[in-house]
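In the order they appear, the protein sequences are chains H and C.
Going by numbering that gives the first Met the number 0, the first sequence opens with residue 0, and the numbers climb by one from there.
Going by numbering that gives the first Met the number 0, the second sequence opens with residue 0, and the numbers climb by one from there.
All C-beta atoms in this analysis are idealised placements derived from N, C-alpha and C, irrespective of residue type, glycine included.
Reading through the structure tokens given below for one structure.
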Amino acid sequence: MYEFLTGPMVWISFGFFIIGLIVRGVRYIKGLDWKLDRVTYNENISYGVKGALRSILFWIFPYGTRSWRKNPWFTLWVFTMHFGLLFTPIFLLGHNILLKEKWGISLWTLPESVADGLTVIVIVSVVFLILRRIALPEVRIITNWYDYLMLLIAVSPFITGFLAYHRVPDYYFWLMAHIICGHIFLIAIPFTKLSHFLLFFMTRAQIGMDYGIKRGGMKGKGMAW
Amino acid sequence: MPEGTLCNKIPVTTKEQLQALLADKSGKEYYQEMNELEVDRKALWGTIQKSLKSRTKTWLDICSHCGLCAESCFYYLANKRDPEQVPSYKIQKTLGEIIRRKGDVDNAFMQKSMDWAYSKCTCCTRCGVYCPFGIDTGIMFSYLRGLLYGQGFVPWEMKIGSGMHRIFRAQMDITSEDWVDTCEWMAEEYEEDWPGLEIPVDKNDADIIYTVNAREPKHYPEDIAEAAILFHVAGENWTVPSEGWEETSLAMFAGDWEACKLQVESVYDAMERLKPKRMVVTECGHAYRATVIEGPYWAGLKSGKTPIDSLHYVEWVAEALRTGKLKIDPAKKIKEPVTYQDSCNYIRNGGLADVAREIMSYIAEDFREMTPNREHNFCCGGGGGLNGIGRYREQRNIGMKIKRDQVLATGAKLVIAPCHNCWDAIRDMEEIYKIGIRWSFLKPLLINMIEVPEHLKPPEEPEE
Chain H
0 MYEFLTGPMV WISFGFFIIG LIVRGVRYIK GLDWKLDRVT YNENISYGVK
50 GALRSILFWI FPYGTRSWRK NPWFTLWVFT MHFGLLFTPI FLLGHNILLK
100 EKWGISLWTL PESVADGLTV IVIVSVVFLI LRRIALPEVR IITNWYDYLM
150 LLIAVSPFIT GFLAYHRVPD YYFWLMAHII CGHIFLIAIP FTKLSHFLLF
200 FMTRAQIGMD YGIKRGGMKG KGMAW
Chain C
0 MPEGTLCNKI PVTTKEQLQA LLADKSGKEY YQEMNELEVD RKALWGTIQK
50 SLKSRTKTWL DICSHCGLCA ESCFYYLANK RDPEQVPSYK IQKTLGEIIR
100 RKGDVDNAFM QKSMDWAYSK CTCCTRCGVY CPFGIDTGIM FSYLRGLLYG
150 QGFVPWEMKI GSGMHRIFRA QMDITSEDWV DTCEWMAEEY EEDWPGLEIP
200 VDKNDADIIY TVNAREPKHY PEDIAEAAIL FHVAGENWTV PSEGWEETSL
250 AMFAGDWEAC KLQVESVYDA MERLKPKRMV VTECGHAYRA TVIEGPYWAG
300 LKSGKTPIDS LHYVEWVAEA LRTGKLKIDP AKKIKEPVTY QDSCNYIRNG
350 GLADVAREIM SYIAEDFREM TPNREHNFCC GGGGGLNGIG RYREQRNIGM
400 KIKRDQVLAT GAKLVIAPCH NCWDAIRDME EIYKIGIRWS FLKPLLINMI
450 EVPEHLKPPE EPEE
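Structure below.
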């Protein structure tokens, strides 16, 4: 079982993850329609690229936009969660040892204590985001089970990995749970709202092009995000 | 399929239809007929399948329900942070639901969608600026309005308005003759004070073609005279077209995309016919948005631009002040505290925030910004057609509280609002909340402030 999950299943999950995201990206771009969206994507490329880059860059940094600054705590938890979600699995020593064993390659790795800390930060961030969903009426009203499921899928590899790393009783169970949760996470990305892994960049670029080409980008200094 | 005689899926294209609608005071019968109007579910779903592409679909799909859009919405704030006013909630419960049900919705649902699309969103697009994914709920509500229009679920005034555009190529029943007569009348009326004042109609190859909002010839003809005086003093070579003079688009508010196309094409035709160098649009926000920003797309112009370079009035004023075509008498600058209403349509959606500030730097000694301002400013409360819809008067008046508080916080008693919708909304706001403010377009203020060259002044009366 362990052999399968750390062998062929890795190919399967990454296959779904990568091909799935490519399909979503291509479908998004192919579905853009200059006349219906009312944005001349192809005619005014330089304005479009400038608008898209501005739109992504301002938003990709914590507190880079008015909206992020207006919501300092939410911004903190969102960025710490995403930072941990992205970098912990890639630079984790354990994952890279596995990578070295299987494919003979390995990346730079995080000190184990740092990775451990990041894991805790992800879990804490998710807890705060869940509490926020429950506490704030304006968030509660739009929250449904799907939103909690997304948070669960994202955090479960971290909880199980944390337990496995700290060698709690039933180590093998938690290790297997961790691996399975990791696969679920990867496969879920292209098929669920987690597709914002890619589509965040797509929708940000689109609205950036809209503002950059049509809504003032050719006249003003560019949208003051 | 039950269709009312007044409330139905058929666009208004004849004067008879228009008369019948206008005779139905406040749309009483119209809204009664709406209760019986059947939803053509197949056609609704068909339209969605054809027009719902990846941009809007993705917006609806990936919304993380984070709620950052809540505080961006002036309706949410004005309604004591009512969670039902969160933009994400409003769009998911209307457009989102129609799509989830593949168009299988009933009359009550469509009426609710209409009420929400008009009285809970002015399509100001501020939420899109605060969403991490750039989800623009204002754009989606505008799309929803289009779906509702196609099914006949449109406020009475908007049905009339889009019909006016189809029949008169203007939002009001003003014919080409009425328009030209008004121009001639105004030129005569003001000629004594401004010798040589002209409103040239259909002049070929002018530097500027000037286009207006139909409310001006209908209700405020002096606005046209004021524009003429300022062009006259600035020494501009300008003209107005006898046809294609109307910039506004109630059809845009109604979601009647076909009428939108007809309307802007009338203006573009005037450009082709008279070959002016540039167009200047009067002090109206949605008119500029419709004809200059969105219009080229409705007309299928691949460049995304109007056939000739087009300027909002504030751009022309800023240019005239910058180049010295208009000079402000320093003694006549506005001394009292004054604030500026940033219109959603040409500031947030048109990039003209700096241009507005440039004008203020020339004309005001104590200019006070509202908070927030520029691209982040709140809607006046009357955008998206709301000023003109009786059914939602109460909701509009509640929404105005945000603008009221913004204005009060500046301490200014004078609000400059170079946008017909904002101007109207601020006027109504003063009527309702009585905060003791005045409001104005730029034109009358400028006329009182500019230095008039000697040769343009009326000859002095010989002393007796």
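Please report the residue range of the alpha helix (DSSP H) in which residue i lies.
{"i": "S309 (chain C)", "result": "Not the alpha helix (DSSP H): S309 (chain C) falls in the beta strand (DSSP E), residues 308-311."}
{"i": "L325 (chain C)", "result": "Here L325 (chain C) belongs to no alpha helix (DSSP H), and DSSP marks it neither H nor E."}
{"i": "V280 (chain C)", "result": "First-last for V280 (chain C): 277-280, but that is the beta strand (DSSP E), not the alpha helix (DSSP H)."}
{"i": "Y164 (chain H)", "result": "144-164"}
{"i": "W193 (chain C)", "result": "Taken as a continuous stretch (DSSP letters only), W193 (chain C) belongs to no alpha helix (DSSP H), as it is neither H nor E."}
{"i": "I120 (chain H)", "result": "111-134"}
{"i": "M163 (chain C)", "result": "155-167"}
{"i": "N420 (chain C)", "result": "419-432"}
{"i": "Q205 (chain H)", "result": "195-208"}
Thinking just about the alpha-carbon of each residue, which of the options is nearest to the one in residue i?
{"i": "K364 (chain C)", "options": "C:N396, C:P131, C:I327, C:C379", "result": "The sequence given here has Glu at residue 364 (chain C), not Lys. Cα-wise, what sits closest to E364 (chain C) is C:I327."}
{"i": "I141 (chain H)", "options": "C:S87, C:M185, C:R168", "result": "C:S87"}
{"i": "R26 (chain H)", "options": "C:P82, C:W244, C:K56", "result": "C:K56"}
{"i": "G519 (chain C)", "options": "C:N372, C:Q394, C:T93", "result": "Nothing about residue 519 (chain C) can be read from this structure; chain C reaches only from 0 to 463."}
{"i": "L17 (chain C)", "options": "C:Q170, C:L385, C:Y129, C:P371", "result": "C:Q170"}
{"i": "G303 (chain C)", "options": "H:D32, H:S12, H:M8, H:L20", "result": "H:D32"}
{"i": "G219 (chain H)", "options": "C:V291, C:N348, C:G95", "result": "C:N348"}
{"i": "M33 (chain C)", "options": "C:L43, C:A69, C:L76, C:F108", "result": "C:F108"}
{"i": "L229 (chain C)", "options": "C:P10, C:L444, C:E453, C:I9", "result": "C:L444"}
{"i": "K101 (chain H)", "options": "H:V9, H:F196, H:I212, H:R214", "result": "H:V9"}
{"i": "A205 (chain C)", "options": "C:V313, C:I47, C:E271", "result": "C:E271"}
{"i": "L148 (chain H)", "options": "C:L94, C:M163, C:H64", "result": "C:H64"}
{"i": "E368 (chain C)", "options": "C:S50, C:Y345, C:W178, C:Y339", "result": "C:Y339"}
{"i": "F127 (chain H)", "options": "H:T74, H:E42, H:I212, H:P156", "result": "H:T74"}
{"i": "E246 (chain C)", "options": "C:Y117, C:G294, C:E221", "result": "C:G294"}
{"i": "E282 (chain C)", "options": "C:C378, C:F440, C:Q84, C:Y117", "result": "C:F440"}
{"i": "N212 (chain C)", "options": "C:D255, C:A289, C:G254, C:N236", "result": "C:A289"}
Could you confirm whether any beta carbon from chain H is found closer than 8 angstroms to the beta carbon of residue i?
{"i": "S112 (chain C)", "result": "no"}
{"i": "T57 (chain C)", "result": "yes"}
{"i": "L67 (chain C)", "result": "yes"}
{"i": "H164 (chain C)", "result": "no"}
{"i": "P131 (chain C)", "result": "yes"}
{"i": "Y391 (chain C)", "result": "no"}
{"i": "I159 (chain C)", "result": "no"}
{"i": "Y209 (chain C)", "result": "no"}
Reducing DSSP to helix, strand and coil, say where residue i ends up.
{"i": "V104 (chain C)", "result": "coil"}
{"i": "N237 (chain C)", "result": "It should be noted that the sequence gives Trp, not Asn, for residue 237 (chain C). Strand."}
{"i": "Y88 (chain C)", "result": "helix"}
{"i": "F78 (chain H)", "result": "helix"}
{"i": "E37 (chain C)", "result": "coil"}
{"i": "F13 (chain H)", "result": "helix"}
{"i": "E393 (chain C)", "result": "helix"}
{"i": "F132 (chain C)", "result": "coil"}
{"i": "V38 (chain H)", "result": "coil"}
{"i": "E459 (chain C)", "result": "coil"}
{"i": "V316 (chain C)", "result": "helix"}
{"i": "I141 (chain H)", "result": "coil"}
Identify the continuous beta strand (DSSP E) that holds residue i and give its terminal residues.
{"i": "W438 (chain C)", "result": "437-439"}
{"i": "Y209 (chain C)", "result": "207-210"}
{"i": "R214 (chain H)", "result": "Unbroken run through R214 (chain H): none, as it is neither H nor E."}
{"i": "Y339 (chain C)", "result": "337-339"}
{"i": "V414 (chain C)", "result": "413-415"}
Going by the C-beta, is residue i closer than 7 angstroms to any heavy atom of the ligand GDP?
{"i": "L85 (chain H)", "result": "Absent from the structure shown: the ligand GDP. Ligands present: none."}
Of all the CB atoms in chain C, is at least one closer than 8 angstroms to the CB of residue i?
{"i": "Y27 (chain H)", "result": "yes"}
{"i": "S124 (chain H)", "result": "no"}
{"i": "G30 (chain H)", "result": "yes"}
{"i": "T142 (chain H)", "result": "yes"}
{"i": "E2 (chain H)", "result": "no"}
{"i": "N43 (chain H)", "result": "yes"}
{"i": "H195 (chain H)", "result": "yes"}
Measuring only between beta-carbons, confirm whether residue i sits less than 8 angstroms from chain A.
{"i": "K276 (chain C)", "result": "No chain A is part of this structure, whose protein chains are labelled H and C."}
- Message: Any C-beta of chain C within less than 9 angstroms: which residues of the segment 47-71 of chain H qualify?
- Response: S54, W58, T64, R65, S66, W67, K69, N70
- For the segment 198-224 of chain H, which residues have a CB atom closer than 9 angstroms to at least one CB atom of chain C, in sequence order? Result list: L198, F199, M201, T202, R203, A204, Q205, I206, G207, D209, Y210, I212, K213, R214, G215, G216, M217, K218, G219, K220, G221, M222, A223, W224.
- Using a Cβ-Cβ cut-off of less than 7 angstroms, list which residues of the segment 318-351 of chain C approach chain H; keep chain order. Contact residues of the segment 318-351 of chain C toward chain H are N348, G349, G350, L351 (C-beta to C-beta distance below 7 angstroms).
- Output, in sequence order along the chain, the residues in the segment 253-271 of chain C whose CB is closer than 9 angstroms to any CB in chain H. none
- Could you please tell me which residues of the segment 77-98 of chain C, in chain order, have their CB closer than 8 angstroms to any CB of chain H? R80, P82, E83, V85, S87, Y88, Q91
- Message: Any C-beta of chain H within less than 9 angstroms: which residues of the segment 352-382 of chain C qualify?
- Response: Taking 9 angstroms as the cut-off between beta carbons, the residues of the segment 352-382 of chain C near chain H are A352, D353, V354, P371, R373, E374, H375, in sequence order.
- Given a limit of 9 angstroms on CB to CB distance, which residues of the segment 134-161 of chain H reach chain C? L135, P136, E137, V138, R139, I140, I141, T142, N143, Y145, D146, M149
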